[in-house]
Amino acid sequence: MGRIVGIDLGTTNSLVAYTDAETGQPKCVPGPYGDTLCPSVVSLDPDGSIIVGEPARRRLLTQPERTIYSVKRLMGRGPADVQSELKLFPFRIDSASKNVIRVLLGNRVFTPPEISAFILRELKNWAEALFGETVDRAVITVPAYFNDAQRLATKDAGKIAGLEVLRLVNEPTAAALAYGLHEKQRGRVAVYDLGGGTFDISVLKLISTTAGDIFQVLSTNGDTHLGGDDIDNLVQSHIQQDIMDCYGVDITQRPELVQELRKALIAVKHRLSENEEAILRFPLPNGAVYGTGFTRAAFEEWIRPVVERTMGPVKQALADAHLKPADLDEVVLVGGTTRTPLIRRTVQEFFDRKPHIELNPDEVVALGAAVQANILDHGVENMLLLDVTPLSLGIETYGGAVAKIIPRNSTIPASAQELYTTGVDNQTGIDIHVLQGERELAKDCRSLARFTLRVPPAPAGLPRIEVKFLIDANGILQVGAKDLRTGEQHSIEVQPSYGINESEIERMLEESIEYAEQDFAERQVIEARTESESILTATAKALTNPQAAGLSAEERAKIDASVARLQESVAGRDYKLIRKRIDDLNHATEHLAELLMNSAVSTALEGRRLAEV
Amino acid sequence: MTSPSTATNPPLVCWSCHERTFGTHFCSSCGKLLQLPQALDYFALFEMPRKLCIEMSELEQKFLQLSWKLHPDNFVNATEQERELSLKHSSELNDAYRALRDPVGRVEYLLGIEGARKEGEHKQQAPPELLEEVFELNESLDELREAKASGGDLAVLKTRLESAEKNFQDKLGQVDAQLRVTAREWDATLQGDPATRKKIMAQLNELLNRRSYIRNLVTNVQKELL
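Just so you know, the protein sequences line up as chains L and R, in that order. Residue numbers 2 to 614, in this note's numbering, belong to the letters of the first sequence in order. Residue numbers 831 to 1056, in this note's numbering, belong to the letters of the second sequence in order.
Listed below in structure tokens is the structure:
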């Protein structure tokens, strides 16, 4: 058996972590660039290979139509669900998509679990490179508020990546595990987790018993489509409109410009977490440069609606746990978006206590996943996790109403039995529709599955079939039926409303192995080529800028020579040479990069590379 | 015709070692998880008598202790059959804890396993002594809906409904108090004669129906007042 890891499969970034055998502490695995964060971006190279992470993120600017980010937003959802997302995200959905969304990268079609599997496989590679051993099992985290279909899709992604998914763990619960181990916290803890695309709030009770520590989740709530992405979209639409108003340029028609602006605005957002002011300068295709200053106060006014949307779930989770804000002993902040000062203030004011931020908010979920992976690998020794189902499970009854059979916040595994009989003589089937959600009507809840119970012909009312609905420790539904007259067990094949079937998963697994069969050197070549591509594009573009006239003839010649040498090296397969030539070109274009900056900001950007500007 | 008053588990044969075993969850002979006997009710699962007044901290302690042993996290590397059994045991445990820790859910569950829970025709019917007040309440609700639709003055109607809501909340409190008294009566007659026990169960059933009726009213009013 190979090694086991914990994986945080995030909207913006993904991480992999393990428990260090010597110290017993969880640790994140660094990638080839030394960073533990792997951008959740996947790109299909024109040569047919798949590129994941940082090199793929750069391709968002150069090859947006072959590159996808934030795919987590599409997991477990149907084409009809994502119409609103499509207005804000450059997803290219295959029009032939029926139940399962299919996304186009270049001219190839992938399901969201397949794309997530590419990310998982990349992380698996990172861990294998570190261990020098194979990794075949994983604990993967999911937003606590993920429904059954979203969880299934995540589990499928694991399978496609060649991983046995031992457990799906809720992200805030994983964070609590990491904090519990780190701080030895006890009592009632609220975890506020605002990531790139999802928001969760969980309330836990940490109990010390003679056998060990129990992490009991009391309640959870959230929004699986609320996160840093929404802040970015909000700010971006303001700025795009402003560019339209001031310069009459509609950049929404240019995917690469949209991505470039997005990148610049994210940098502004990050700067505003540290500073009171930040400046955006954005070169437009007509040669003009759009420039604007942001103050933190004005920025906070823009994003306030997003922050306020998190407070409804927070209040509901507290009400469900029968607690008031003052009843909590600790509050923990998780997720990169909680670096935003407005969020920290809002949470602090609501709970009237300073939130914990000791652990890196980007890493804490992966660390917790590694803790749980270790528990599962070695058996429950001194820590036990009792989690809950975030949404009520119901079945459709007469008139399109929903009867709740497992209420939200029930500790999982949880089950419920329902007794069914026939309404007319010799009826051979009973239709059952399983739903998830809090609303009273079936049409307002999430459809999980529909199936037909087969019944032997008999007079009406005589058959007695007991159906057992069980939510397992992953938060995933299982259904079984028993004929009470004969005692016979029926297994029920439940085809989830938005899932992919087993044979498709098998096929995807085989295909993903093909993609993965590139050795380390080959991947290095691809990554180096990708990087050179983005710097070559940036250089060519910069040279057309009027500011480039400020270069001396000597400088210009040096750049041209460096470009030619880099282009020459890209044709070969020596990635070390390509990397060296990239460095040379970066060096040669330093003055050019400075020229492109306004004099007011140029000092702050000294030494920056052209591709970063 | 007496119903069992304390938990007694029939001996059964272990699926793994084939010995006769006397454990509730684990085989007394080989220590493996047992098949759950069909007859095991939630009280028996916690090895508690069928009493309605439960010491909550004791129930929680037992729940946590059993969770340590039964949770699927313990069986990740076990055989498929043991994994299945752990899933069954731990889901039953969680279902049982969910039902028993809520005082009303506990009464409902007890009546269910004693065969004394009857919702039926009483569900939609107003208890006779409440008829007049319910009639008034429904009238006020109709007026409020009309006023909302036509943009009329809501303030007076809202105040009237708020005081009606408070009135019914108080009644809910009274029902809960009665439930507690009757629950103690039930506990006192645990070994008593079947006729008395039957009478108490009928009272409990009546109280539950009354409770759910009033609760529905309150929820409806709250929805309109939002």
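Glycine included, C-beta positions come from ideal geometry on N, C-alpha and C. This structure is a prediction, so every number in the text was calculated from the model and none was measured.
I'd like to know whether the C-beta atoms of residue i and residue j end up nearer to each other than 8 Å.
i               : j              : result
I431 (chain L)  : L195 (chain L) : no
L449 (chain L)  : I466 (chain L) : no
G213 (chain L)  : E382 (chain L) : yes
L235 (chain L)  : I304 (chain L) : yes
P902 (chain R)  : P460 (chain L) : no
D95 (chain L)   : A367 (chain L) : no
L593 (chain L)  : A562 (chain L) : no
V1005 (chain R) : R947 (chain R) : no
Roughly how many angstroms lie between the CA atoms of residue i and residue j, to the nearest whole one?
i               : j               : result
D871 (chain R)  : V17 (chain L)   : 43 Å
V190 (chain L)  : L207 (chain L)  : 8 Å
G369 (chain L)  : I5 (chain L)    : 13 Å
V143 (chain L)  : R152 (chain L)  : 7 Å
E1054 (chain R) : R975 (chain R)  : 8 Å
S858 (chain R)  : F470 (chain L)  : 30 Å
A1025 (chain R) : W845 (chain R)  : 41 Å
L62 (chain L)   : L262 (chain L)  : 10 Å
E489 (chain L)  : S416 (chain L)  : 19 Å
L386 (chain L)  : A176 (chain L)  : 12 Å
R557 (chain L)  : Q64 (chain L)   : 27 Å
V372 (chain L)  : L178 (chain L)  : 7 Å
K978 (chain R)  : E995 (chain R)  : 19 Å
L923 (chain R)  : D230 (chain L)  : 40 Å
Q865 (chain R)  : L392 (chain L)  : 29 Å
G25 (chain L)   : G336 (chain L)  : 24 Å
T174 (chain L)  : Q895 (chain R)  : 21 Å
A550 (chain L)  : L596 (chain L)  : 9 Å
H952 (chain R)  : R1010 (chain R) : Residue placement at H952 (chain R) is poorly supported in this model, since its pLDDT is 48, which falls under 50; the coordinates are not used for a value here.
Can you confirm whether residue i, when its beta carbon is compared against all beta carbons of chain L, has any partner nearer than 8 Å?
i              : result
W845 (chain R) : no
H952 (chain R) : With a pLDDT of only 48 at H952 (chain R), under the threshold of 50, the placement of this residue in the model should not be trusted; the figure read from the coordinates follows. Taking Cβ atoms only, chain L never reaches closer than 8 Å to H952 (chain R), which makes this a no.
P902 (chain R) : yes
L917 (chain R) : yes
D932 (chain R) : no
W898 (chain R) : yes
Relative to the C-alpha of residue i, which candidate in the options has its C-alpha closest?
i               : options                           : result
F905 (chain R)  : L:A402, L:M384 and L:H379         : L:H379
G292 (chain L)  : L:A298, L:M384 and L:F283         : L:F283
I536 (chain L)  : L:L10, L:P547 and L:V571          : L:V571
I472 (chain L)  : L:E528, L:T390, L:G294 and L:G107 : L:T390
G1 (chain L)    : L:A443, L:R409 and L:G424         : Any question about residue 1 (chain L) goes unanswered here, given that chain L covers just 2 to 614.
R990 (chain R)  : R:E973, R:V1005 and R:L1002       : R:E973
Y146 (chain L)  : L:N410, L:A554, L:T538 and L:E569 : L:N410
K1063 (chain R) : R:L941, R:K948 and R:T1049        : There is no way to answer for residue 1063 (chain R), as the model of chain R reaches only from 831 to 1056.
M509 (chain L)  : L:A150, L:A539, L:A139 and L:K160 : L:K160
R272 (chain L)  : L:I252, L:E257 and L:R297         : L:R297
Q479 (chain L)  : L:A128, L:H491, L:L485 and L:R486 : L:H491
Q84 (chain L)   : L:I407, L:H226 and L:M312         : L:H226
D251 (chain L)  : L:E257, L:Q241 and L:Q260         : L:Q241
Any Cβ of chain R within less than 8 Å of the Cβ of residue i?
i              : result
D137 (chain L) : no
G380 (chain L) : yes
I376 (chain L) : yes
I413 (chain L) : yes
T210 (chain L) : yes
L167 (chain L) : yes
A474 (chain L) : yes
I215 (chain L) : yes
Helix, strand or coil: how does DSSP classify residue i here?
i               : result
E382 (chain L)  : coil
F92 (chain L)   : coil
G1003 (chain R) : helix
N475 (chain L)  : coil
A443 (chain L)  : helix
H919 (chain R)  : helix
L1047 (chain R) : helix
T206 (chain L)  : What sits at residue 206 (chain L) in the sequence shown is Lys, not Thr. Three-state result, K206 (chain L): strand.
V332 (chain L)  : strand
Q26 (chain L)   : coil
V166 (chain L)  : strand
C247 (chain L)  : helix
H952 (chain R)  : Residue confidence for H952 (chain R) is low, a pLDDT of 48 falling below 50, so the modelled location carries little weight; the figure read from the coordinates is stated next. In this structure, H952 (chain R) counts as helix in the three-state DSSP scheme.
R455 (chain L)  : strand
G75 (chain L)   : Reading the sequence as shown, one finds Leu at residue 75 (chain L) and not Gly. Helix.
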